[in-house]
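Numbering (the numbering used here), first residue to last: 3 to 113.
Report on one structure; see the data block that follows.
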């Protein structure tokens, strides 16, 4: 059996969220015992000095017994952020045309 098939045969349900350079995968999988669990994978596209693309991945495994606590803490955390900073994105780095600005400081007076 191929490695790809082994890794994906226990996937039951998948949702994908594309967000700029990041993609989030929400995969419901099945344990060997027949129960379900959730994996959340963040995949971020990076480019090396040679221009080749690579993907950095981070994964969270979430089991049913932790769903309620995770959901409550997620909601508390997102409510806090929205309450403190609002829904508008503040960082100009989220602008797809963002270019980092380089400059030189000529004297202490410019600081």
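We treat Cβ as the ideally placed atom computed from N, Cα and C, and that holds for glycine.
Just verifying my parser: in three-state terms, what is the DSSP assignment at residue 18? In the structure shown, residue 18 sits in a strand (DSSP, three-state: E or B).
So who's on the other strand from residue 12, going by DSSP bridges? Residue pairing of residue 12 in beta bridges, as defined by DSSP: absent, with no partner found.
Pick out whichever of 84, 47 and 34 has its Cα sitting closest to the Cα of residue 20. 47
Sort out for me which residues DSSP pairs residue 24 with in a bridge. 21 and 46
Just how far apart, CA to CA, sit residue 18 and residue 28? One C-alpha to the other measures close to 6 Å.
Rounded Cβ spacing between residue 33 and residue 61 (contact assumed at less than 8 Å): Residue 33 to residue 61, Cβ: 16 Å. No contact.
Could you give the DSSP three-state label for residue 93: helix, strand or coil? Reduced to three states, the DSSP call for residue 93 is coil.
Do residue 44 and residue 66 have their C-beta atoms within less than 8 Å of each other? Between residue 44 and residue 66, the CB-CB gap reaches or exceeds 8 Å.
Among 84, 39 and 72, which residue has its Cα nearest to the Cα of residue 16? 39
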